[in-house]
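Protein chains in written order, with my numbering: chain A, 2 to 139; chain B, 4 to 240.
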């Protein structure tokens with residue numbers, strides 16, 4: 002089963018302030034541990050929303066609106082994708098996740114489990130997803 | 004949220020899965036016998052199963068398990084020293100005592116990648132039958148229990164237990180060193196490791212959908228081992 006560890010945006014991440022060296026170092030240590038245990042699938046930081054955009058669907062229309070976006074608490078600044086054996090294992094790994102803005106400061110990460118194809122009923126469309134080679138099968 | 008004994012046991016299972024390979028790798032570096040290292044790690048796990056439901060799970064469960072296992076290792080070596088007084092073992096004991104000294108922890112952690120890699124090569128050593136390599140790899144590096152391995156391979160649990168016991172004995176008798184092979188030997192030995200990972204994947208992949216979930220889960224175990232090996236990159240050591 003796969004889980005996504007989502008790092009929430011802050012004023013600093015939205016302002017494009019790069020993290021301090023020692024914070025990057027503790028993130029590197031943590032991700033090395035994930036990799037050595039074979040559980041790390043992917044991880045990345047995201048650029049501030051000012052370089053992103055949204056597409057709004059309304060009726061038959063699609064409207065593009067450029068970033069930045071307000072409500073920084075609801076925005077995402079990075080993610081780490083892991084594959085583990087159980088929910089408890091995911092919980093144990095996430096407990097060890099370093100404070101993303103530096104120890105002692107207020108921050109929040111959120112963890113969400115990914116749907117696997119097995120979670121959907123059997124259908125022709127799901128089988129087509131199974132055949133898309135670049136997607137992990139399980 | 005109330006923490007029940009069952010919750011704690013599930014947490015201990017998860018901690019074991021995360022920590023067991025590192026724990027066994029580090030202990031093998033100290034005692035130079037993978038079988039003894041695994042017993043020490045299991046001993047520490049038993050202490051955790053006894054204590055954590057009452058005391059709660061420690062903040063750094065990995066360090067706790069390591070400290071407990073080290074103490075057991077020292078007890079064991081002191082005991083043996085009294086019985087046998089072998090120079091070699093005195094050497095090991097000294098090494099352990101040095102490694103237990105504060106401040107050395109960070110130094111050991113720096114080598115953990117190498118130690119894990121050595122453990123991979125021991126588990127997949129050619130003195131072992133293919134079946135034994137597969138079982139030992141899942142047990143030592145995948146953190147699977149004997150019961151889980153037995154279920155995954157549709158074999159009786161005592162059969163797997165026997166296979167693992169014999170494999171550990173064979174490794175001890177052959178005095179297989181705790182090292183990463185070099186040069187042409189590395190290529191040969193790496194092929195043996197890759198074969199084991201492939202066999203585990205294949206076993207899971209060939210399982211039909213109606214089967215016990217333990218079987219398809221082998222695919223994930225194999226992928227996990229593959230990612231682990233890629234990260235440890237034996238060609239660099």
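For every residue, glycine included, the Cβ atom is placed at its ideal position computed from N, Cα and C. Quick caveat: nothing in here was measured; it's all calculated off a predicted structure.
Given a threshold of 16 other Cβ atoms within 10 Å of its Cβ, counted over all protein chains shown, does residue 1 (chain A) qualify as buried or as exposed?
Here chain A covers residues 2 to 139 and nothing more, so residue 1 (chain A) does not appear.
Decide if residue 23 (chain B) is buried, meaning its Cβ has at least 16 other Cβ atoms within 10 Å, or exposed.
So residue 23 (chain B) ends up on the buried side.
Taking a Cβ distance cut-off of 8 Å, strictly less, list which residues of the segment 11-24 of chain B are near chain A, in chain order.
Listed by position, the residues of the segment 11-24 of chain B near chain A (Cβ gap below 8 Å) are 13, 14, 16, 17, 18, 20, 21, 24.
Of all the CB atoms in chain A, is at least one closer than 9 Å to the CB of residue 220 (chain B)?
Taking Cβ atoms only, chain A reaches closer than 9 Å to residue 220 (chain B), which makes this a yes.
Roughly how many whole angstroms lie between the Cα atoms of residue 58 (chain A) and residue 112 (chain A)?
The straight-line gap from Cα to Cα measures roughly 27 Å.
Any idea if residue 67 (chain A) is buried or exposed, counting beta-carbon neighbours within 10 angstroms, 16 or more meaning buried?
That one is exposed.
Does the distance from the CB of residue 193 (chain B) to the CB of residue 131 (chain B) come in under 9 Å?
No; because the gap between Cβ atoms is not below 9 Å, this pair is not in contact.
I want to verify the contact list: residues of chain B whose CB lies under 8 Å from the CB of residue 84 (chain A), in sequence order.
Correct list: 223, 226, 227.
Cutting at 6 Å between CB atoms, please list the residues of its own chain near residue 128 (chain B), excluding the five before and the five after it.
Correct list, in chain order: 179.
Is the Cβ of residue 118 (chain A) closer than 9 Å to any Cβ of chain B?
Not closer than 9 Å to any Cβ of chain B, the Cβ of residue 118 (chain A) fails to qualify, so no.
Using the Cα positions of residue 42 (chain A) and residue 81 (chain A), report the straight-line distance between them to the nearest angstrom.
When rounded, the distance between both Cα atoms is 8 Å.
Taking the beta strand (DSSP E) that residue 78 (chain A) belongs to, which residues open and close that run?
Its beta strand (DSSP E) spans residues 77-84.
Beta-carbon within less than 6 Å of residue 101 (chain A)'s beta-carbon, same chain only, minus the 5 sequence neighbours each way: which residues are those?
Excluding sequence neighbours, residue 101 (chain A) sits near 8, 108.
When the Cα atoms are used, what is the spatial distance from residue 106 (chain B) to residue 34 (chain B)?
Confidence is the limiting factor: at residue 106 (chain B) the pLDDT is only 43, short of 50, which leaves the residue's position unreliable and the question unanswerable from this model.
For residue 76 (chain B), which residues of its own chain have a beta-carbon under 7 Å away from its beta-carbon, when the five flanking residues on both sides are left out?
Once the five neighbours on either side are set aside, the close Cβ partners of residue 76 (chain B) are 30, 33, 34, 43, 99.
Which residues mark the beginning and the end of the beta strand (DSSP E) in which residue 3 (chain A) is found?
Note, residue 3 (chain A): beta strand (DSSP E), 3-9.
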